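Residue 4 is where the sequence shown starts when you use our numbering, and the numbers rise one by one after that.
Reviewing the structure listed below.
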Amino acid sequence: DAKVRQENASQDGALGALDTLVQAQPMSAATVVFSQGGGLATVSTSSVVRLLVTYDLLASASPGETYGADLITAGEVSATGEIGGAALAVSGSAAASNLKTVVASGSLVLSAGSSPPGAGNVFRNQSAVPIQQLRLSASGENARITNLTVTLAGTGASSALSQARLYADQNADGAVDGGDVLLGVANFSGTQVSFVAAGGLVEVTAGTPREFLVAYDFNASGGIGNTFGAGSIANTDLVATGVTSGATLA
Numbered sequence: 004d005a006k007v008r009q010e011n012a013s014q015d016g017a018l019g020a021l022d023t024l025v026q027a028q029p030m031s032a033a034t035v036v037f038s039q040g041g042g043l044a045t046v047s048t049s050s051v052v053r054l055l056v057t058y059d060l061l062a063s064a065s066p067g068e069t070y071g072a073d074l075i076t077a078g079e080v081s082a083t084g085e086i087g088g089a090a091l092a093v094s095g096s097a098a099a100s101n102l103k104t105v106v107a108s109g110s111l112v113l114s115a116g117s118s119p120p121g122a123g124n125v126f127r128n129q130s131a132v133p134i135q136q137l138r139l140s141a142s143g144e145n146a147r148i149t150n151l152t153v154t155l156a157g158t159g160a161s162s163a164l165s166q167a168r169l170y171a172d173q174n175a176d177g178a179v180d181g182g183d184v185l186l187g188v189a190n191f192s193g194t195q196v197s198f199v200a201a202g203g204l205v206e207v208t209a210g211t212p213r214e215f216l217v218a219y220d221f222n223a224s225g226g227i228g229n230t231f232g233a234g235s236i237a238n239t240d241l242v243a244t245g246v247t248s249g250a251t252l253a
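Written out as structure tokens, the structure is:
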């Protein structure tokens, strides 16, 4: 389908929450006509109304295909006077649009955090000990993180850990502090722990990298002198989907 909307807010050529849907019409070959008896929009004298045309793409659209709109000429616009109802002379034109290229999905890049927690001593029964920081950067579309698996490293056993925590490290400082958001809590199975949420642990906005922090809760059984950490996280340890495309992101 193609849709025409009246831009009510920023009038920036982007679809906004305050823009008003005027009409939706199916495409007929390479043409779509918007028309309704009461008029699509009313333009007051000396005022400007901006209309935005949008397309809804089907799943059959192939990566690499391009879509846009051709030049709109005065002859393709009909208007009548609101008082007398007479047909108005339309002049000018709207330039052809820029082209949009179909891609299969966006992408997600996993990297080390900017302030990884350093080595140090911990106590038995100590909670929320920061262990590992990671950074996620989405491009093309927002990414919804649904699964993250972490592998235990060091000489200690997972039996000394009561649980692991995943935080959004809001200030990217590598420490668990007041502004950080707890995203999930999970128990170890052997040497691995997986944070899973079918609806998504968190969403990463395209163009706005975010940092995350893995923390451990220690119980009373940890042997003195044992070390605890986390192994490197690979792309295969992370599951994410594109919010727009619904595709699994690589």
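Glycine included, C-beta positions come from ideal geometry on N, C-alpha and C.
All values reported here derive from a predicted model rather than from experimental measurement.
Inset, instruction - Give the range of the beta strand (DSSP E) segment to which ILE148 is assigned. - result: Going by DSSP, ILE148 is part of the beta strand (DSSP E) stretching over 146-156.
Legend entry - Buried or exposed by the 16-neighbour rule on C-beta atoms within 10 Å, applied to PHE221: PHE221 should be labelled buried.
Legend entry - Cut-off 7 Å between Cβ atoms - residues of its own chain near ALA200, not counting five sequence neighbours on either side: Same-chain partners within the cutoff: THR149 and GLY187.
Inset, instruction - Give the straight-line distance between the Cα atoms of SER110 and ALA146, rounded to the nearest whole angstrom. - result: Taking the straight line joining both Cα atoms gives about 8 Å.
Inset, instruction - Taking only the alpha-carbon atoms, compute the straight-line gap between VAL7 and SER165 and give it to the nearest angstrom. - result: Here the alpha carbons of SER165 and VAL7 stand approximately 56 Å from one another.
Inset, instruction - Have a look at GLU206, GLY210 and THR45 and flag the residue whose alpha-carbon is nearest the alpha-carbon of GLY249. - result: Comparing Cα-Cα distances from GLY249 to each of GLU206, GLY210 and THR45, the minimum goes to GLU206.
Legend entry - For GLY187: DSSP bridge partner residues: Beta-bridge partners of GLY187 (DSSP): LEU169.
Legend entry - Between the CA atoms of PRO120 and SER140 - distance to the nearest angstrom: C-alpha of SER140 to C-alpha of PRO120: approximately 20 Å in a straight line.
Legend entry - Contact belief for GLY116 with GLY177 at Cβ below 8 Å, rounded distance in angstroms: About 6 Å separates the two Cβ atoms, so the contact holds.
Inset, instruction - Can you give me the start and stop residues for the beta strand (DSSP E) that PHE198 sits inside? - result: Start and end: 195-199.
Inset, instruction - Starting from SER233, follow its DSSP beta bridges and name the residues at the other end. - result: Strictly speaking, residue 233 in this sequence is Ala, with Ser absent from that position. Within the DSSP secondary-structure output, ALA233 pairs in a beta bridge with LEU155.
Legend entry - Opening and closing residue of the beta strand (DSSP E) in which ARG213 lies: Where ARG213 is concerned, the enclosing beta strand (DSSP E) stretches over 213-221.
Inset, instruction - State the start and end residues of the unbroken beta strand (DSSP E) segment that holds LEU241. - result: Run containing LEU241: 241-245, per the beta strand (DSSP E) assignment.
Legend entry - Among SER161, GLY202, LEU61 and THR104, nearest to PRO29 - alpha-carbon criterion: Selected option, being the one with the closest Cα: LEU61.
Inset, instruction - Using the Cα positions of VAL80 and PRO66, report the straight-line distance between them to the nearest angstrom. - result: Cα to Cα, VAL80 sits roughly 33 Å from PRO66.
Legend entry - Spatial distance of ALA77 from LEU91 (CA atoms): If I take the Cα positions, the gap works out to 11 Å.
Legend entry - Sequence-distant residues of its chain with Cβ nearer than 6 Å to ALA223 (five each side left out): Close CB contacts of ALA223 within its chain, under the 6 Å cut and outside five residues either way in sequence, are with ARG127 and ASN128 (chain order).
Legend entry - Sub-8 Å separation of LEU169 and LEU113 beta-carbons: Contact: no.
Legend entry - Backbone secondary structure at SER13 - three-state DSSP: Three-state result, SER13: coil.
Inset, instruction - Counting only the same chain and skipping the five closest in sequence on each side, list residues whose C-beta sits under 7 Å from that of PRO133. - result: Counting only Cβ-Cβ distances below 7 Å, and skipping sequence neighbours, we find PRO120, GLY177, ALA178, VAL179, LEU216 and ALA218.
Inset, instruction - Grab the span of the beta strand (DSSP E) containing LEU18 for me, first residue to last. - result: Here LEU18 belongs to no beta strand (DSSP E), and DSSP marks it neither H nor E.
Inset, instruction - Confirm, please, whether the CB-CB distance from ALA167 to VAL196 is below 8 Å. - result: In terms of Cβ geometry, VAL196 and ALA167 form a close pair [threshold 8 Å].
Legend entry - Minimum length 4: unbroken alpha helix (DSSP H) runs contained in the stretch 81-113: Complete alpha helix (DSSP H) runs here, min 4: none at all.
Inset, instruction - Give the C-beta separation of LEU151 and PHE191 to the nearest angstrom, bearing in mind that I take them to be a contact with Cβ-Cβ under 8 Å. - result: Actually they are not in contact, since the Cβ atoms of LEU151 and PHE191 sit about 14 Å apart, beyond 8 Å.
Inset, instruction - With a 10 Å radius around its C-beta and 16 neighbouring C-beta atoms as the bar for buried, classify ALA253 as buried or exposed. - result: Exposed, since its Cβ has fewer than 16 Cβ neighbours within 10 Å.
Inset, instruction - Tell me whether SER108 is buried or exposed, calling it buried when 16 or more other Cβ atoms sit within 10 Å of its Cβ. - result: Buried, because 16 or more other Cβ atoms sit within 10 Å of the Cβ of SER108.
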